[in-house]
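Okay, structure first, notes after.
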């Protein structure tokens, strides 16, 4: 089949996918249907049912993927503890000197919880349930409170352990540990940009921030900081073992679950009911992700049989785009996709098609994984389907337009981060190359 015909087939499959998603069909089922459509154009002699069964088994039997339900369960357990309240009490005394003061708790808190939840929506909800009422009670402007929470909540995807990172690593056949390492410095950059924006906003709008709280003595600050010890110990225990190579991602996830259970028990938040709820919550999320991965894997096999990814790569190459122009086009594509579908769907839908183009342009797949995670973060705060917007709409009682408007500056800060990492890709690759030279 010639390239033009294969490009037309890919357009047909994409159109079918969008129609199915707009019709309310589950993402995983929609992917399976589109994979079945693609299989109709595969060479004769390929058994469609056997290919689907083999892919479903091989995909779910992945040892690397075993980390996914464990990290999800760890986040579900911690969501039912008092860690968000302890985090607020531990961080707030140290931030009175900084313009914006307690609004920075949103950013730092989401960074900390992102390191134990793996989910953007869960991170947003965990931090918002304590900071939104506190900031409102103390007289902080609602727009900056909502906007900073929406933006900072996306750190749940960039700070390891990250569900999108694990999904991408499995889909692209790259190291989960290297993906986790690659996300650390970009996460710090995003946090610095967010906190810098809050400082600038506070200096430009001094009337929208309350007066500083009375100074707290140093011993009192240290005493309040003790509230951070359980969370800090869990993060250090899990990720020092991971980063130093003492344990695999799956083993670290198992230790994380054990640590989360110990924290919940020490806070007397571990009841039989909360334990069952955490298991059911993790099971629901894992089942959803696994169905998506099964559908995406089948679609990838189907498109591989037809040669569509290579044909699309050759078609894009015919435009002779520079590497930077290709990234600009992909950024625009992902921003538009983020308005229509959720982040995980963006990853599994596009990876099989985009990766050949990225490799042909000379980009590292680990670097592209971080780029893609940033695109997913932007989708989380892009109306009408941005999930962080839904979370904050529910928790604040405000309409989605108000929350989306408040989050807009932080959307552009994520876009600025993409530009920085594209111009200076070594920022992403520094830690992976240091840990895995050669």
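Numbering (our numbering), first residue to last: 30 to 467. Every residue, glycine too, gets a C-beta built ideally from N, C-alpha and C.
Check                                                                                                                       : Outcome
Cβ pair residue 226, residue 442 closer than 9 angstroms                                                                    : yes
When 220, 110 and 70 are compared against residue 306, the one with the closest alpha-carbon                                : 110
Check whether residue 340 and residue 41 have beta carbons under 9 angstroms apart                                          : no
Proximity winner among 427, 434 and 261, relative to residue 292 (alpha-carbon distances)                                   : 261
Among 327, 425 and 444, the one whose alpha carbon lies nearest that of residue 183                                         : 444
Classification of residue 118 by the beta-carbon crowding that lies within 10 angstroms, buried from 16 upward              : buried
Euclidean distance between Cα positions of residue 49 and residue 39                                                        : 15 angstroms
Three-way DSSP call (helix, strand, coil) for residue 344 in this model                                                     : helix
Under the three-state DSSP convention, the category residue 17 falls into                                                   : The structure shown does not extend to residue 17, since the chain spans only 30 to 467, so no value can be given for it.
Option in 60, 212, 308 and 116 with minimal Cα separation from residue 192                                                  : 212
Proximity below 9 angstroms, CB of residue 105 to CB of residue 314                                                         : yes
Where residue 169 sits in the DSSP three-state scheme                                                                       : coil
Sub-9 angstroms separation of residue 187 and residue 216 beta-carbons                                                      : yes
Beta carbon of residue 269 nearer than 9 angstroms to that of residue 56                                                    : no
Check whether residue 386 and residue 366 have beta carbons under 9 angstroms apart                                         : no
Sequence-distant residues of the same chain with beta carbon closer than 8 angstroms to residue 446, five excluded per side : 215, 218, 219, 222 and 403
Secondary structure of residue 199, DSSP reduced to three states                                                            : helix
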